[in-house]
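Using the UniProt record's numbering, the first residue of the sequence shown is number 1, and each one after it goes up by one.
Yeah, the Cβ is synthetic: ideal placement off N, Cα and C, and Gly gets one too.
Source: prediction; values computed, not measured.
Working notes, beginning with the structure itself.
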Amino acid sequence: MTLQTASAPPIDGIFRALADPTRRRVVERLNRSPASVSELAEPFEMALPSFVEHLKVLEGCGLVQSEKAGRVRTYRLSPEPLKLAENWLAEQRALWESRLDQFDAYVMNLKETEK
């Protein structure tokens, strides 16, 4: 697991964290409600220290936040980084839709000139 460098934009860490299927499943689970480490780790067949490393990555990029009450650490989803990723993806989608529209117009123009 790679740590985010100081010069990398925050979105890099978000996508890096979401690139892992275990971390995506944790995010999906936290969409429903906050959960303790043991609740989050239960469906995964891995040692708890390995699972905690996934949580550290998610917390490091801001996708989740944790708080400790007694001996129980509870994680909850932070929606702001997801919004950042969603906005970036929307910008990319708009760019490609525009390019495809231009290409479509070009092809239609070619067809018209061939007639």
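Would you report the Cα separation of A69 and A85, rounded to the nearest angstrom? In a straight line, the C-alpha of A69 is about 31 Å away from that of A85.
Applying the 10 Å Cβ sphere with the 16-neighbour rule, what's the burial state of A17? Sixteen is the threshold: when 16 or more other Cβ atoms of the shown chains lie within 10 Å of the Cβ of A17, as they do, the residue is buried.
Run of the beta strand (DSSP E) containing L63, from where it starts to where it stops: Careful: L63 lies outside any beta strand (DSSP E) and carries neither H nor E.
Can you list, in chain order, the stretches of the alpha helix (DSSP H) that have 4 or more residues and sit fully within the UniProt domain "HTH arsR-type" (3-97)? If one requires a minimum length of 4 residues, the alpha helix (DSSP H) runs lying completely within the UniProt domain "HTH arsR-type" (3-97) are 10-18, 21-32, 37-41 and 48-60, in chain order.
Classify R99 as helix, strand or coil using the three-state DSSP reduction. Three-state result, R99: helix.
How many Å lie between S38 and V107 at the Cα? The alpha-carbon separation between S38 and V107 amounts to approximately 57 Å.
Just checking my contact of L110 with Y75 at CB under 8 Å: how many whole Å lie between their CB atoms? Actually they do not touch by this definition, with Cβ atoms about 55 Å apart.
Output needed for S66: all residues of its chain with C-beta closer than 7 Å, excluding positions within five of it in sequence on either side, in chain order. Here the set comprises E59, R73, T74 and Y75.
Beta carbon of A41, beta carbon of F51: below 7 Å? Between A41 and F51, the C-beta spacing is below 7 Å.
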